[in-house]
């Protein structure tokens, strides 16, 4: 013998059990479609809020490398000035990280592109009769992208400074002796002339 439990609630209108607090009766598809159509002012306000939020996030992303500079400087200070695997690994990360970040800048800011909506015509009830939603653009992100490149440049400068303090950058004249050409001496000697032939 098999038992089957039925958990569905019967749709009896004369049910004496009251609905629990917060229960909303199911609505029809017409009521849902009316409630789902926001007016044009709400759409414009929502689009503006979304754009402002994306711009704030873009500025946070742009300034993130500058916020990490003090911690990286402290780590470089404690790594010492000797040529060791730990300090070389940190310098490698400081030199390659900003370069790859600048080359992938559009990928980093891709999710933060704001969408600009323009309304072409309104009727007398201020409802949006026809709207054109443009594709997301990088135009409003120009200043955060420039700040992002500048902050990555600061990280690269920190790595180059550490390379210079360790002595692995060719900054002195002794580092370029191999490429220097020797000039003929300005003095003249008859003995030297005779020895050379």
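Residue numbers (full-length UniProt numbering): 1 to 197.
Don't be surprised by glycine CBs; every beta carbon is placed ideally from N, CA and C.
Bear in mind the structure is a predicted one, so any value in this text is a computation, not a measurement.
Own chain, CB closer than 8 angstroms to residue i, minus 5 neighbours either side, in chain order
i           : result
residue 171 : 164
residue 3   : none
Three-state secondary structure (DSSP) of residue i
i           : result
residue 104 : coil
residue 47  : helix
residue 175 : helix
residue 168 : coil
residue 2   : coil
residue 152 : helix
residue 183 : coil
residue 57  : helix
residue 52  : helix
residue 144 : helix
residue 16  : coil
residue 110 : helix
residue 84  : coil
residue 24  : coil
Distance CB(residue i)-CB(residue j) smaller than 9 angstroms
i           : j           : result
residue 105 : residue 148 : yes
residue 101 : residue 46  : no
residue 167 : residue 81  : yes
residue 169 : residue 69  : no
residue 103 : residue 144 : no
residue 73  : residue 158 : yes
residue 76  : residue 61  : no
residue 26  : residue 19  : no
Residues near residue i in its chain [Cβ-Cβ closer than 7 angstroms; skip 5 each side]
i           : result
residue 199 : Any answer about residue 199 is impossible in this case: the structure gives the chain only from 1 up to 197.
6 angstroms CB neighbourhood of residue i in its chain, flanking five on each side removed
i           : result
residue 140 : 114
residue 199 : With the chain covering 1 to 197 only, the question about residue 199 has no answer from this structure.
residue 92  : none
Continuous alpha helix (DSSP H) stretch holding residue i: start and end
i           : result
residue 193 : 190 to 196
residue 72  : 69 to 79
Residue i classed as buried or exposed, judged by whether at least 16 other C-beta atoms fall within 10 angstroms
i           : result
residue 98  : buried
residue 156 : buried
residue 54  : buried
residue 65  : buried
residue 58  : buried
residue 162 : buried
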